[in-house]
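One structure is given here, and the rest of the page talks about it.
Residue numbers (UniProt numbering), protein chains in the order written: chain A, 1 to 377; chain B, 1 to 293.
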């Protein structure tokens, strides 16, 4: 129980199409994170699953049953809001008990369930207080308590941590992961914070402009992004893209000309596309963290305009000729480089990504099994 | 220097600190306005303490000589049914307020939360209606009351009174209810609550300060405006409210000024008590902690 399917779901507000046909299967007990820039439709999608927004077309199916026209309670879901949405005039106890009171559950059962929920969320000593007297983290826990007390099969979270400060957010992230393990329920989580997505998700759904850009395990998205959008969105600072010309294509991958150096990148190119590719321009993607000082497979001379020293990392930004975006590189440790002084940096061919003119990636031939932890479903 | 005037000067934030010149200016300003507003009341109170003969003495003495509260006793004898007038006034105001609240609270909620066709039009119409004073509509209202057979009853004063107070009450309460975060409605909906359950258990308790403000405004409004409706739609002495009742002190020969003033103060007293009582429930910050702003 707790299996959710979206079938070609579309949502329009007037003439404006927000969600443009999303199909997705969420397995039972899975932690799925919707991530994307603001306005990509991720919250709208979640609100449709919740039953707060009407679905323009397409089907929302929970446990094999079409629920488009059912009220949220009948769908067996609960939702945690970004703004907590606690009832300010009620005690923490009454806030958590609210869904049970609506059901008309007997007082004894309500007490038992509320106390269970409070124990899970470490709120036992706060039950008599009003939300106004609680800290942000505690308020969010009360909101979660109100969701879990009804024991739904699917939990929906709408950016639940974005109102908390950084330290608290890290704590709550761990707490939520623990909660997911403890309850074993399906969770759908919306965020714009890729750290939350990468750390908590079993699978991430990257949304862009109302479409799904890619669905996959966090590390798959990092190592094998299917397009430039996902490649740029996952990873911080974002991936550097550089236009390069294709010299040749073979079973060993694509050989490109990078600033006069010939570089062979080990990607899979379908045989029928090889001939057309030679001589054309493609995008070479390199993550800032894969760039190191000194010589390598591909070496380039840069003059960073800004250098940020974080102690643990050294981040440099340089402008490339004929390029609007900054070229960014992240070096581990404290590196003695300065702005406005030329340095030689390099990257390995094995760390490169190649994208065609449409921004679609050629699949990298890397061994994901060595990188992905075993998935337990 | 300013420290002497302002106890918390050291702890108050910079923007609230004033020099002693500014403080003197502020208090002088307050004194002038207070005197301007309260002068009639002070004069009225002093008159009520004086014996009638002294009121017409020349030169006029502002302070009562051998003043007493005698008028507060004799006023009940000169107009024996004065208690009845106070009761009528309270009854009319209380019933009007209850009717207004019963109608306005759900209406304001609907106007604050739902979007429906013609909403702007209806709200605009309410605003337009409340621009007319009751006096303009007296004749049509009289005909209406006569047709309905309500003349010379309590209804004749309650119904138009309530009707004229509804539009402004809706506007007032709607503004308050719009400030209640809509997420609370969504959360309650997610928790399985019906519209009515949400309204009763979530919205009403949160809107309580707003409802009390509307109740006070309506009560005062009803207390003040009954004069004109009572004079026009009612000719029975036993239904007369306080403002008309005060007229009983205007005798054929003379006006018993000191008793009239005493009666005015006694007549206001019950209303003041009710308003003080309601004001205790005017607690702010009830939505604290509902959402993160």
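Yeah, the Cβ is synthetic: ideal placement off N, Cα and C, and Gly gets one too.
DSSP state of residue i mapped onto helix, strand, coil
i, result
"residue 194 of chain B", "coil"
"residue 368 of chain A", "helix"
"residue 16 of chain B", "helix"
"residue 30 of chain A", "coil"
"residue 294 of chain B", "No information on residue 294 of chain B is available, as it lies outside the stretch 1 to 293 that chain B covers here."
"residue 24 of chain A", "strand"
"residue 96 of chain B", "helix"
"residue 2 of chain B", "With a pLDDT of only 46 at residue 2 of chain B, under 50, the local geometry of the prediction cannot be trusted, and no value is derived from it."
"residue 337 of chain A", "coil"
"residue 50 of chain B", "coil"
"residue 278 of chain B", "helix"
"residue 122 of chain A", "coil"
"residue 74 of chain B", "helix"
Minimum Cβ-Cβ distance from residue i to chain B less than 9 Å
i, result
"residue 155 of chain A", "no"
"residue 86 of chain A", "yes"
"residue 71 of chain A", "yes"
"residue 51 of chain A", "yes"
"residue 169 of chain A", "no"
"residue 150 of chain A", "yes"
"residue 4 of chain A", "no"
"residue 341 of chain A", "no"
"residue 146 of chain A", "yes"
"residue 79 of chain A", "yes"
"residue 102 of chain A", "yes"
Residues near residue i by beta carbon distance below 7 Å, same chain, minus five either side
i, result
"residue 166 of chain B", "100, 103, 104"
"residue 203 of chain A", "30, 32, 215, 216, 217"
"residue 334 of chain A", "309, 311, 314"
Selected residue, minimal CA-CA separation from residue i, among the options
i, options, result
"residue 331 of chain A", "A:357, A:354, A:360, A:292", "A:292"
"residue 76 of chain A", "A:82, A:67, A:83", "A:67"
"residue 84 of chain A", "A:157, A:234, A:316, A:224", "A:157"
"residue 270 of chain B", "B:86, B:194, B:49", "B:86"
"residue 214 of chain B", "B:188, B:176, B:185", "B:176"
"residue 254 of chain A", "A:310, A:169, A:313, A:356", "A:356"
"residue 207 of chain B", "B:262, B:172, B:152", "B:172"
"residue 302 of chain A", "A:329, A:364, A:17, A:232", "A:329"
"residue 289 of chain A", "A:173, A:297, A:236", "A:236"
"residue 221 of chain B", "B:180, B:162, B:199, B:263", "B:162"
"residue 86 of chain A", "A:27, A:192, A:137", "A:137"
"residue 225 of chain A", "A:364, A:305, A:106", "A:364"
"residue 19 of chain A", "A:190, A:347, A:340, A:40", "A:40"
"residue 244 of chain B", "B:137, B:55, B:79, B:25", "B:79"
"residue 40 of chain B", "B:261, B:280, B:273, B:276", "B:261"
"residue 130 of chain B", "B:252, B:268, B:144, B:164", "B:164"
"residue 212 of chain B", "B:277, B:52, B:251", "B:277"
"residue 15 of chain A", "A:45, A:110, A:56", "A:56"
"residue 120 of chain A", "A:273, A:179, A:89, A:100", "A:179"
Chain A contact for residue i (CB, 9 Å cutoff)
i, result
"residue 1 of chain B", "Any reading at residue 1 of chain B is ruled out, since the residue's pLDDT is 44, under 50, leaving its predicted position unreliable."
"residue 303 of chain B", "This structure leaves residue 303 of chain B out entirely; chain B is present only between 1 and 293."
"residue 173 of chain B", "no"
"residue 100 of chain B", "no"
"residue 190 of chain B", "yes"
"residue 200 of chain B", "no"
"residue 183 of chain B", "yes"
"residue 197 of chain B", "yes"
"residue 186 of chain B", "yes"
"residue 20 of chain B", "no"
"residue 193 of chain B", "yes"
Beta-carbon contacts of residue i that lie in its chain and below 6 Å, excluding the five residues immediately before and after
i, result
"residue 61 of chain A", "5"
"residue 80 of chain A", "143, 144, 147, 157, 160"
"residue 42 of chain B", "none"
Residues sharing a beta bridge with residue i, DSSP
i, result
"residue 26 of chain B", "Partner(s): none; residue 26 of chain B has no beta bridge."
"residue 11 of chain A", "A:19"
"residue 177 of chain B", "According to DSSP, which records beta bridges pairwise, residue 177 of chain B is partnered with nothing at all."
"residue 250 of chain B", "B:255"
"residue 298 of chain A", "A:347"
"residue 57 of chain A", "A:10"
"residue 328 of chain A", "A:317"
"residue 360 of chain A", "A:227"
"residue 258 of chain A", "A:261"
Chain C contact residues for residue i, given Cβ-Cβ distances below 9 Å
i, result
"residue 206 of chain B", "In the displayed structure, chain C is absent; the protein chains listed are A and B."
Contact set for residue i: own chain, Cβ-Cβ below 8 Å, skip 5 residues either direction
i, result
"residue 63 of chain B", "46"
"residue 241 of chain B", "85, 88, 89, 92, 157, 226, 227, 230"
"residue 233 of chain A", "35, 36, 37, 194, 206, 208, 213"
Residue i beta carbon near the ligand NAP (any heavy atom closer than 8 Å)
i, result
"residue 255 of chain A", "Looking for the ligand NAP in the displayed structure turns up nothing, as the structure carries no ligands at all."
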